[in-house]
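Position one of the sequence shown corresponds to residue 2 (our numbering), numbered consecutively onward.
Note that the Cβ used here is the ideal one computed from N, Cα and C, for glycine as well.
Report on one structure; see the data block that follows.
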Amino acid sequence: MTPASVAAALAPLAPARAPFIIGVTGSVAVGKSTFAEQLRAEFEGAELVCTDGFLHANARLEELGRLAAKGAPDTYDHLALASALTAIRSGPATFPAYSHVTYDIDPRLARTLAPPPVLIIEGLALRDPDTGPASLLDALIYLEADEADLERWYVARFLELWEAAKTDPASFYARFQHMDRDQTTGLAQMVWRQVNLKNLHDHIVHARPRADLIVRKGPGHAIIAITPNRPELT
Numbered sequence: 002m003t004p005a006s007v008a009a010a011l012a013p014l015a016p017a018r019a020p021f022i023i024g025v026t027g028s029v030a031v032g033k034s035t036f037a038e039q040l041r042a043e044f045e046g047a048e049l050v051c052t053d054g055f056l057h058a059n060a061r062l063e064e065l066g067r068l069a070a071k072g073a074p075d076t077y078d079h080l081a082l083a084s085a086l087t088a089i090r091s092g093p094a095t096f097p098a099y100s101h102v103t104y105d106i107d108p109r110l111a112r113t114l115a116p117p118p119v120l121i122i123e124g125l126a127l128r129d130p131d132t133g134p135a136s137l138l139d140a141l142i143y144l145e146a147d148e149a150d151l152e153r154w155y156v157a158r159f160l161e162l163w164e165a166a167k168t169d170p171a172s173f174y175a176r177f178q179h180m181d182r183d184q185t186t187g188l189a190q191m192v193w194r195q196v197n198l199k200n201l202h203d204h205i206v207h208a209r210p211r212a213d214l215i216v217r218k219g220p221g222h223a224i225i226a227i228t229p230n231r232p233e234l235t
């Protein structure tokens, strides 16, 4: 099973008039960005954006006392996200962007796009039961994997960013350079359990029954199952 199989399965949901807006959501560390990029390659002229750009800036989250909860529904600017998805239907729209190195919104990375034939938007805050822009998506894919694999992938990514910060003092992860690898691993595991796993259980998983297609990944990130959630996709 490949991203090409996913693209083929979604074909019945394409609207008569472009853009075909496809959402990709799922847990932190499930590999949404990589999968979305692979899916983008299956559609000529497709564009890829991320909901991370619609997170409130760190300064605002600090004011709200919600910096440590980043990724929870209330840490996103849902109005701005909905406005961008509405605008791209008929004309140019600007999509802000987030840096995982600085751990904050980076205005320099914002992109203004004309309506593409296919727009893939990956990240959290898609079809949340209370705040997600359900009516603004033509299709939603929910990526899932065993929680043990999710934790392993998250810790590995955290350590990779921590290692890179040794030569990049501007990185958010530079603040952890006084810690050794075991201590950093312990920190990553704690953040996973207290923030990301909690967010998965409390919020993210609620998008699963609202998804059109559920894509399950195995321990090596390969797709092992594609399950339609709508009769027209079976």
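Can you name, in chain order, every residue of its own chain whose Cβ lies under 6 Å from the Cβ of residue i, other than the five neighbours on each side?
i	result
D139	L14, P16, F21, I22
D150	P220
V25	K33, A37, E123, I142
G46	P117, P118
L201	S28
Y104	F173
H222	G32
A189	V156, F159
If residue i sits next to residue j, beta carbons under 8 Å apart, how far is it from one beta carbon to the other, in whole angstroms?
i	j	result
W154	T185	The Cβ separation is near 16 Å, so there is no contact.
R7	L40	Contrary to the premise, residue 7 reads as Val rather than Arg in this sequence. So it is a contact: roughly 6 Å between Cβ atoms.
N197	G72	7 Å
E48	L114	5 Å
If we count the other Cβ atoms within 10 Å of its Cβ and call it buried at 16 or more, is residue i buried or exposed?
i	result
K167	exposed
L80	exposed
S172	buried
T52	buried
P74	buried
T76	buried
H179	exposed
E64	exposed
A146	buried
A69	exposed
A165	exposed
K218	buried
Quick one: what's residue i bridged to in DSSP?
i	result
V119	F21
What number of angstroms, rounded off, separates the C-alpha of residue i from the C-alpha of residue j?
i	j	result
L127	A208	7 Å
I224	N230	17 Å
T132	V216	Model confidence at T132 stands at a pLDDT of 45, short of 50, so the residue's coordinates are unreliable; what they give is reported in the following sentence. If you take the alpha carbons of T132 and V216, they lie about 23 Å apart.
P236	R61	Residue 236 cannot be examined here, being either before or after the span of the chain that is shown, 2 to 235.
L160	F96	29 Å
R112	E148	33 Å
V206	L120	23 Å
A19	G92	11 Å
V192	L137	32 Å
A30	H204	15 Å
D181	D78	36 Å
Please return the same chain residues whose Cβ sits closer than 8 Å to the Cβ of residue i, not counting the five positions on each side in sequence.
i	result
D213	L11, L14, A140, L141, I142, P229, N230, R231, L234
S100	I106, D107, L110
D169	V102, A175
G187	none
P4	F36, Q39, L40, A42, E43, I224
Leaving out the 5 sequence neighbours to the left and right, which residues in its chain are closer than 7 Å to residue i when beta-carbon positions are compared?
i	result
L82	T52, F55, A126, P134
I227	M2, S6, V7, A10, L214, V216
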